[in-house]
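Residue numbers (the working numbering), protein chains in the order written: chain F, 1 to 351; chain Z, 1 to 253.
From the three backbone atoms N, C-alpha and C, an ideal C-beta is built for every residue, glycine too.
Taking it in order: structure first as structure tokens, then the write-up.
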Amino acid sequence: MHLEEVRKFDSLKPERVIDLREAICPHPLNVIRDTIRELGDDAVLLAISDHEPTALENAPRFCERRGYPYRVIEQEGLWNIFIQKIEKKEARLRVESVSKVFSARDGKVSALSDINLTIRDGEFVSIVGSSGCGKSTLLNLIAGLDKPTSGRILADGKRVEGPGADRVVVFQEGALFPWLTVVENVEFGLKLRRVAHKIRRELAYDYLKLVGLDDKFHNSYIHQLSGGMKQRVALARALVMEPSILLMDEPFAALDIQTRESLQEELQRIWVESHKTIIFVTHNVEEAVILGDRVLVFTKNPGRIKSEHDIEIARPRKPGNPEVFLNTKWITDEIREDGEDAEAGIREAAG
Amino acid sequence: MKRKIILLTAFYLLLFAIWEGVAALKLWPSYLFPSPLGVLSSLVAGFQDNSFTIGILVSMKRVLIGYGLSVAGGLLIGLAIGRVKVLDETVGTIVLGFQALPSICWLPIALLWFGLSESAIVLVVVLGSLFAVTIGVDSGVKNVPPIYLRAARTMGAGGFDLYTKVIIPAAMPSIISGLKQGWSFAWRALMAGELLYVSIGLGHLLTMGRELNDISQIIAVMIIIIVIGITVDRFVFTKLENRVRERWGLLNA
């Protein structure tokens, strides 16, 4: 069915019709999402609602981000949202039944078990979980720094066989090169690509500006920078490569709260401007909520995705925001129910 | 700094005065205990008839060739055993073993292979310093933080680039101390080698001093050997080391 053919509500022949008035699930967007997932890639879905203003307001945004074309039809006082999933466009990243087993001294440890995940272009996905839940392992697999025991990972439709500049990682700390200046660090990847000196220097300056590093530190050595400035440089060094997916492995975990919050703000701004696809691993639930469109909660033994949350809060999101607080609390409670250590998340949200 | 200069000047003047005083007492014959002024005039005479200049040039040429070969070889072997486990477990043991062997012990073999020639002396210099350089490179390479390699690889570095742009620069502090130690071993090995047979270099000037019973010349040549050793150490290696430490922020640590 072609979208342009849709003139009137009556002419639609949807695969399924949901009346959100009958939906028992608390969040209408979850109903939409689950239905799309259930019907598969070529699903056509129609959602009707006349008393869910939030859903009507959010659904278009939701669809846009997921890459579903949509159309809002007004008829007899009803608002109808017509959604059709894109068929041709490849997902940025597809993780298919990936498992990872490490051999330890006392037998084998299942770090990841049957992970399935699709990340669309421009999505900001947070992965949260306590230490040892496999979240960093998954990031390493996506980066190509490690190989899955079974399953496969597709980045832009191509199977990940090793590391590559289309999937640059920003690490927690200590990954900048101490023998190079700030600018030379940012230029590093461009130099590998044999980009001419003048061009790469200009690009480096541009990206250092984008991440908000003061000009006077351009020629400093790494040890002369504070922790927050180092992470800004690390971010610039990754962004300058124009990766199709930016992988971030607890990049702000070692920073103090003020610095972390200002970097979270900066990262949101950069994401809104560039619409990069970002996967952000953290053990801090609040951080995951502030940054992600989607928060994936990991549990351990074996590492798997326990639940998935769509975060529909307007940006920029700040730590004091009540919606951020509530979402953080829900997710933290859920992790807690599971008997897991919620770690720093709720404490920092409260404090 | 100023205080240090005054202190040092005073100390050496005092030492010089005591030495001159003891020599003036003539407790020992002058061919056993030279006076500092005698040493000084020997130094001047040696440079005037060019014998010292030639000795220095010849020795420097040998040490530069030998040390240069050591640096090239040490870098290659060090990188190889630092990165390849099998080589480390096999070749690595040879390196450690030979490092325990004083360099002059290579002289008999060198003489058998090359006779009384330049090559024999250069070989002793090479074998005297090669293993120190190798060990410095090896330990530097082994201690490169894995995160540098991971970061570089996600930015698309691989193969040769990984060595020239990450591993070697990251290992540089340790490589430089290996080079520094290698230099001092090379210099010692050369002197030992030159002492043992006719060879024109500085070591040979020492032997000549002994044969002519000219203790002033011996001391003068010893001073030259010390000065060259210290100068290279201070003005090449310490400078290099400081530059690297400054970059890495190791000076204040």
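Asked: Count the other CB atoms within 10 Å of the CB of GLY105 (chain Z); is the residue buried (16 or more) or exposed (fewer)?; Found: Reading the sequence as shown, one finds Cys at residue 105 (chain Z) and not Gly. By the 10 Å Cβ count, CYS105 (chain Z) comes out exposed.
Asked: Taking all protein chains shown into account, do 16 or more other C-beta atoms lie within 10 angstroms of the C-beta of TRP271 (chain F), making it buried, or fewer, making it exposed?; Found: buried
Asked: Which one of F:ILE245, F:GLN231, F:ARG194, F:VAL160 has the shortest CA to CA distance from GLU261 (chain F)?; Found: F:GLN231
Asked: Would you tell me roughly how many angstroms separate the C-alpha atoms of LYS89 (chain F) and GLY122 (chain F), rounded to the nearest one?; Found: Its pLDDT being 48, under 50, LYS89 (chain F) is placed unreliably by the model, and nothing is read from it.
Asked: Tell me, please, whether the CB atom of PRO148 (chain F) is closer than 7 Å to any CB atom in chain Z?; Found: no
Asked: Counting only beta-carbon atoms, is ARG83 (chain Z) nearer than 7 Å to chain F?; Found: no
Asked: How is TYR197 (chain Z) classed by DSSP in three states: helix, strand or coil?; Found: coil
Asked: Compare the C-beta of VAL236 (chain Z) with all C-beta atoms of chain F and state if any pair is closer than 7 Å.; Found: no
Asked: From GLY140 (chain Z) to GLY193 (chain Z), what distance separates their C-alpha atoms?; Found: 30 Å
Asked: Counting only Cβ pairs nearer than 9 Å, list the residues of chain Z close to GLY227 (chain F).; Found: Chain Z residues near GLY227 (chain F): none, gap ~14 Å exceeds 9 Å.
Asked: Evaluate contact between the region 237 to 246 of chain Z and the region 175 to 182 of chain Z, counting only Cβ atoms and requiring at least three cross-stretch pairs below 8 Å.; Found: yes
Asked: Checking contacts by CB at 7 Å: is ARG245 (chain Z) closer than that to chain F?; Found: no
Asked: My guess is that ALA111 (chain F) and GLY303 (chain F) are in contact by the Cβ rule of under 8 Å, so how many angstroms apart are they, rounded?; Found: 5 Å
Asked: I need the DSSP call for TYR12 (chain Z), collapsed to helix, strand or coil.; Found: helix
Asked: Quick check on the DSSP output: the beta strand (DSSP E) that includes LYS108 (chain F) runs from which residue to which?; Found: 107 to 119
Asked: What would DSSP say about ASP249 (chain F), mapped onto helix, strand or coil?; Found: strand
Asked: Run through DSSP, which three-state label would ILE218 (chain Z) get?; Found: helix
Asked: Between ILE135 (chain Z) and LEU101 (chain Z), what straight-line distance do the alpha-carbon atoms span, to the nearest angstrom?; Found: 14 Å
Asked: Does the pairing of the region 213 to 227 of chain F with the region 274 to 281 of chain F give three or more beta-carbon distances under 8 Å?; Found: no
Asked: In or out: HIS197 (chain F) buried (at least 16 other Cβ within 10 Å) or exposed?; Found: exposed
Asked: Just tell me which of Z:ILE219, Z:SER51, Z:TYR12, Z:LEU8 has its CA closest to the CA of LEU32 (chain Z).; Found: Z:ILE219
Asked: What span of residues does the beta strand (DSSP E) with VAL101 (chain F) cover, start to end?; Found: 93 to 104
Asked: Does any C-beta atom of chain F lie closer than 7 Å to the C-beta of GLY78 (chain Z)?; Found: no
Asked: For a contact meaning CB atoms closer than 8 Å, what does TYR148 (chain Z) contact in chain F?; Found: ALA175, PHE177
Asked: What separation, rounded to the nearest whole angstrom, lies between the Cα atoms of GLU89 (chain Z) and GLN264 (chain F)?; Found: 47 Å
Asked: Opposite ARG167 (chain F) in the DSSP bridges: which residues?; Found: F:ILE245
Asked: Quick one: residues in its chain with C-beta nearer than 6 Å to the C-beta of ALA189 (chain Z), no 5 flanking neighbours on either side, listed in chain order?; Found: SER103, VAL124, VAL125, GLY128
Asked: Going by C-alpha to C-alpha distance, which of Z:ARG3, Z:SER30, Z:LEU43 sits closest to LEU202 (chain Z)?; Found: Z:LEU43
Asked: Please classify GLU5 (chain F) as buried or exposed, where buried requires at least 16 other C-beta atoms within 10 Å of its C-beta.; Found: With a pLDDT of only 36 at GLU5 (chain F), under 50, the local geometry of the prediction cannot be trusted, and no value is derived from it.
Asked: Going along chain Z, which residues have a C-beta under 9 Å from GLN231 (chain F)?; Found: Result: empty, since nearest Cβ-Cβ is about 13 Å, beyond 9 Å.
Asked: For PHE235 (chain Z), count the other beta carbons within 10 Å of its own beta carbon; 16 or more makes it buried, fewer makes it exposed. Which is it?; Found: exposed
Asked: Quick one: measure Cβ to Cβ for ILE115 (chain F) and LEU138 (chain F), integer angstroms, because I've assumed they're closer than 8 Å.; Found: 6 Å
Asked: What are the start and end residues of each continuous alpha helix (DSSP H) run of 4 or more residues lying completely inside the region 69 to 136 of chain Z, in chain order?; Found: 85 to 99, 107 to 114
Asked: I need the boundaries of the beta strand (DSSP E) containing LYS209 (chain F), first residue and last residue.; Found: Where LYS209 (chain F) is concerned, there is no enclosing beta strand (DSSP E), although the alpha helix (DSSP H) it sits in stretches over 197 to 210.
Asked: Listed in chain order, which residues of the region 138 to 171 of chain Z have Cβ atoms closer than 9 Å to some Cβ of chain F?; Found: PRO145, ILE147, TYR148, ARG150, ALA151, ALA152, ARG153, THR154, MET155, GLY156, ALA157, GLY158, ASP161, LYS165, VAL166, PRO169, ALA170
Asked: Is the shortest distance between the beta-carbon of GLY249 (chain Z) and the beta-carbons of chain F less than 7 Å?; Found: yes
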